[in-house]
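Engineer: In this note's numbering, the protein residues as written are 66 to 455. Glycine residues also receive a C-beta, built at the ideal position from the N, C-alpha and C atoms. Next up is a structure, given as structure tokens.
What follows is the structure in structure tokens.
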């Protein structure tokens with residue numbers, strides 16, 4: 066039943082115009098007298114007033130109002146990574162704002178205390194002290210899996226396909242990360258996400274609705290082991306390795322954040338590019354053929370990548386192209402740098418290359434290379450923190 070529900074509803078036209086956002090769109094005049102079709106057209110017209118720059122400003126404002134000083138580049142990196150990847154993993158030491166960023170992002174999009182955002186916590190360290198670590202982690206995983214499935218079922222309802230659903234698996238143990246993102250979640254070559262539930266044949270596994278966005282946080286100071294390649298194959302990875310002063314928490318604003326405009330959710334749902342051909346065409350249209358062909362990361366980063374002996378494979382280059390295209394809005398304005406398209410593309414390129422190589426080199430024998438690459442990443446982030454959310 067679950068498999069049929071997910072597959073059937075996710076295959077519906079993603080219009081799902083009813084019930085967009087929180088509430089029924091009070092902006093529509095004469096709602097009692099108009100037909101559902103007319104009301105939906107009016108709502109669509111209202112949504113065209115917003116753009117991604119306004120949505121990103123809403124998210125930056127939510128972070129600022131909550132009292133967090135996070136680098137502008139880091140927030141935009143998370144924004145673009147969620148648009149581009151099946152799921153995003155935020156790594157780093159505790160206290161750097163990973164979970165807070167996921168929560169504030171969701172609140173800026175769907176509102177505070179919305180059922181469209183679910184925080185699913187880790188089992189933590191207590192199972193290890195029982196002597197039955199595997200048993201209790203298995204119970205926790207099963208319980209959390211059903212919470213996750215309930216959210217997916219709600220997101221797949223036809224009336225909810227115009228809404229965004231956000232889930233954050235918080236402070237996962239490496240075993241839990243493998244369970245959720247290598248065992249429970251399967252990514253097809255087409256990018257389709259399915260749940261690998263026991264008892265269902267492969268072609269009847271539940272499809273995760275496209276309006277569900279998944280984040281996980283991992284405390285790499287507590288769990289310093291390298292993340293599984295099976296997990297990271299499809300993940301967007303953002304490492305919070307910048308010094309603590311870049312993540313200061315000040316007093317939050319006394320004014321509660323406003324309810325997000327309902328059109329933001331539909332805008333977010335239609336903003337992402339996943340087709341490589343479309344991504345390529347967008348970048349050529351924005352940068353021109355010559356600049357696109359010569360686009361590369363900085364000379365300093367080129368030297369670090371050369372020292373690593375790693376190469377950008379064709380699949381990684383395709384991922385880079387899609388990510389860079391998603392760093393521009395539909396009007397060709399950059400999300401990292403709204404004034405300079407080439408600089409925006411270079412920032413996006415560098416951010417992705419750094420993140421791709423940081424996790425691959427976590428266990429590398431060359432400690433000096435790891436240190437230099439991490440230092441470059443820190444400087445890259447801190448340089449852009451001049452645009453930080455103050």
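Less than 8 Å between C-beta atoms, sequence neighbours within five positions excluded: which residues of the same chain meet that for residue 402?
Structural biologist: Counting only Cβ-Cβ distances below 8 Å, and skipping sequence neighbours, we find 408, 409 and 412.
Engineer: Where are the beta strand (DSSP E) runs, 3 residues long or more, that stay fully inside the segment 254-288, in chain order?
Structural biologist: Runs of the beta strand (DSSP E) inside the segment 254-288: 258-260 and 277-284.
Engineer: For residue 270, which option in 252, 282 and 279 has the closest C-alpha, if you only look at C-alpha atoms?
Structural biologist: For residue 270, the nearest C-alpha among the options comes from 252.
Engineer: Could you check what DSSP says for residue 400 in three-state terms: helix, strand or coil?
Structural biologist: Reduced to three states, the DSSP call for residue 400 is coil.
Engineer: Taking only the alpha-carbon atoms, compute the straight-line gap between residue 281 and residue 168 and give it to the nearest angstrom.
Structural biologist: Taking the straight line joining both Cα atoms gives about 11 Å.
Engineer: Quick check: what's the CA-CA separation for residue 126 versus residue 268?
Structural biologist: Rounded to whole angstroms, residue 126 to residue 268 spans 43 Å at the Cα level.
Engineer: Less than 7 Å between the beta carbons of residue 399 and residue 115, yes or no?
Structural biologist: Contact: no.
Engineer: With respect to the alpha helix (DSSP H) encompassing residue 240, which residues constitute its N-terminal and C-terminal limits?
Structural biologist: Unbroken alpha helix (DSSP H) run through residue 240: 239-243.
Engineer: In the DSSP output, what is residue 157 paired with across the bridge?
Structural biologist: BP columns for residue 157 point to 284 and 305.
Engineer: Taking Cβ positions, are residue 330 and residue 258 nearer each other than 7 Å?
Structural biologist: No, the Cβ-Cβ distance between residue 330 and residue 258 is not below 7 Å.
Engineer: Can you give the beta carbon distance from residue 243 to residue 293, rounded, assuming they're within the 8 Å contact cut?
Structural biologist: Their Cβ separation, rounded to whole angstroms, is 5 Å, which keeps residue 243 and residue 293 in contact under 8 Å.
Engineer: Who are residue 184's beta bridge partners in DSSP?
Structural biologist: 233, per the DSSP bridge assignment.
Engineer: Just how far apart, CA to CA, sit residue 406 and residue 335?
Structural biologist: Straight-line Cα distance between these residues: approximately 22 Å.
Engineer: How far does the alpha helix (DSSP H) with residue 332 in it extend, from its first residue to its last?
Structural biologist: Segment 328-336, the alpha helix (DSSP H) holding residue 332.
Engineer: For the alpha helix (DSSP H) that residue 251 lies in, which residues bound it at each end?
Structural biologist: Residue 251 -> not in any alpha helix (DSSP H); beta strand (DSSP E) instead, spanning 250-252.
Engineer: Going by CA-CA distance only, name the one from 370, 324, 295 and 339 that's closest to residue 275.
Structural biologist: With distances taken between Cα atoms, residue 275 lies closest to 339.
Engineer: State the DSSP-derived secondary structure class of residue 213, mapped to helix, strand or coil.
Structural biologist: In the structure shown, residue 213 sits in a helix (DSSP, three-state: H, G or I).
Engineer: For residue 115, name the three-state secondary structure that DSSP assigns.
Structural biologist: Correct three-state label for residue 115: coil.
Engineer: Around the Cβ of residue 295, are there at least 16 other Cβ atoms within 10 angstroms (buried) or fewer (exposed)?
Structural biologist: With fewer than 16 other Cβ atoms within 10 Å, it is exposed.
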